[in-house]
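*Asks:* Numbered by mature numbering (1 follows the signal peptide of the UniProt record, and there is no 0), the letters in the sequence shown go through residues -20 to -1, 1 to 181 in order.
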Amino acid sequence: MKYPTLFSAALATLALGACATPPGPVEVTRFVAPESVERLGEGTIFIESAAGEDNDSLMMAPYKSAIAEELRSLGYTESDRASASQIATVSVERYVLEAGGRRSPVSVGVGGSTGTYGSGVGVGIGINLGGGERDKLGTMLAVTIRDADTSQSLWEGRADFRVKDNSPLARSNANAQTVAAALFSDFPGNNGETIEVEVSE
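Structure follows, in structure tokens:
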């Protein structure tokens, strides 16, 4: 009887990997006020949901938790609103990309805006109520960091991530950690620059 060698086993593993479709990158755009760079990544910060969104939403919880972890790693100390020197406002939209790449117009959730981006992106979980195959699930995460006293915008970022609906990265906690880590990678980033952050399952 012939047993597979390590070499042939490795080839089989590579072949399987080649057949798998890796998750797409996270597209990240950041805007930084040049005069505010020295204030970023330090001091106390409070994380809140964007206006119009349920602050205690179960959908928001993993994203706010992931953002808090990233901000702590950058040097911030999370505090209550009254004690915070900066405020991080968070909005999340989850949507469905139907077969062929068309974005599903059906969205269930509350409305909101991504702040000064002016795009008026809705906030909520996208659900394909018409049935049919779900091709990809998308997440748009937007965060604005402002001065608590003046409400001046110090930093804004948004991350857009699309992944197959059967991917582990489509699940709430893993999805939240993935987009938050990408959004705050190489913080604060360059003003107005859009980058792609590669991820792996």
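Backbone N, C-alpha and C define an ideal beta-carbon position, used for all residues, glycine too.
For R10, count neighbouring Cβ atoms within 10 angstroms of its own Cβ and tell me buried if that reaches 16, exposed if not.
*Replies:* On the sequence shown, position 30 is the one that residue 10 refers to. By the 10 Å Cβ count, R10 comes out buried.
*Asks:* Write down the C-beta distance between L54 and F167 rounded to the nearest angstrom, noting that I regard them as a contact closer than 8 Å.
*Replies:* Locating residue 54 in the sequence shown gives position 74, counting from the first residue. Locating residue 167 in the sequence shown gives position 187, counting from the first residue. Right, the Cβ-Cβ distance comes to about 6 Å (below 8 Å), so this counts as a contact.
*Asks:* Thinking C-alpha only, which one of T124, D129, P5 is nearest I47?
*Replies:* Position 67 of the sequence shown, counting from 1, holds the residue named residue 47. Selected option, being the one with the closest Cα: T124.
*Asks:* Return the residue from the list M120, V76, V143 that minimises the CA-CA distance to E181.
*Replies:* As a first step, residue 181 must be located in the sequence shown, where it is residue number 201. Among M120, V76, V143, the Cα nearest to that of E181 belongs to V143.
*Asks:* Suppose the cutoff is 7 Å on Cβ atoms and the five residues either side in sequence are ignored; what does the same chain contact list for D127 look like?
*Replies:* Residue mapping note: residue 127 aligns to position 147 of the sequence shown, counting from 1. Answer for D127: Q66, L134, listed in chain order.
*Asks:* For my contact list, A68 and I25 are in at a C-beta cut-off of 8 Å; report their separation, rounded to the angstrom.
*Replies:* Along the sequence shown, read from residue 1 onward, the residue named residue 68 stands at position 88. Along the sequence shown, read from residue 1 onward, the residue named residue 25 stands at position 45. Yes, they are in contact, since the Cβ atoms of A68 and I25 sit about 6 Å apart, within 8 Å.
*Asks:* Please list the terminal residues of the continuous beta strand (DSSP E) segment that includes L54.
*Replies:* Here residue 54 refers to the residue found at position 74 when the sequence shown is read from its first residue. Run containing L54: none in the beta strand (DSSP E); it sits in the alpha helix (DSSP H), 40 to 54.
*Asks:* Buried or exposed for G104, going by 16 or more other Cβ atoms inside 10 Å?
*Replies:* The residue labelled residue 104 in the question sits at position 124 within the sequence shown. Residue placement at G104 is flagged as unreliable, the pLDDT there being 33, under the threshold of 50; a coordinate-derived value is accordingly withheld.
*Asks:* Can you name the residues that DSSP bridges to residue 182?
*Replies:* Any answer about residue 182 is impossible in this case: the structure gives the chain only from -20 up to 181.
*Asks:* Is it buried or exposed for R74, if we count other Cβ within 10 angstroms and need 16 for buried?
*Replies:* Locating residue 74 in the sequence shown gives position 94, where the first residue counts as 1. That one is buried.
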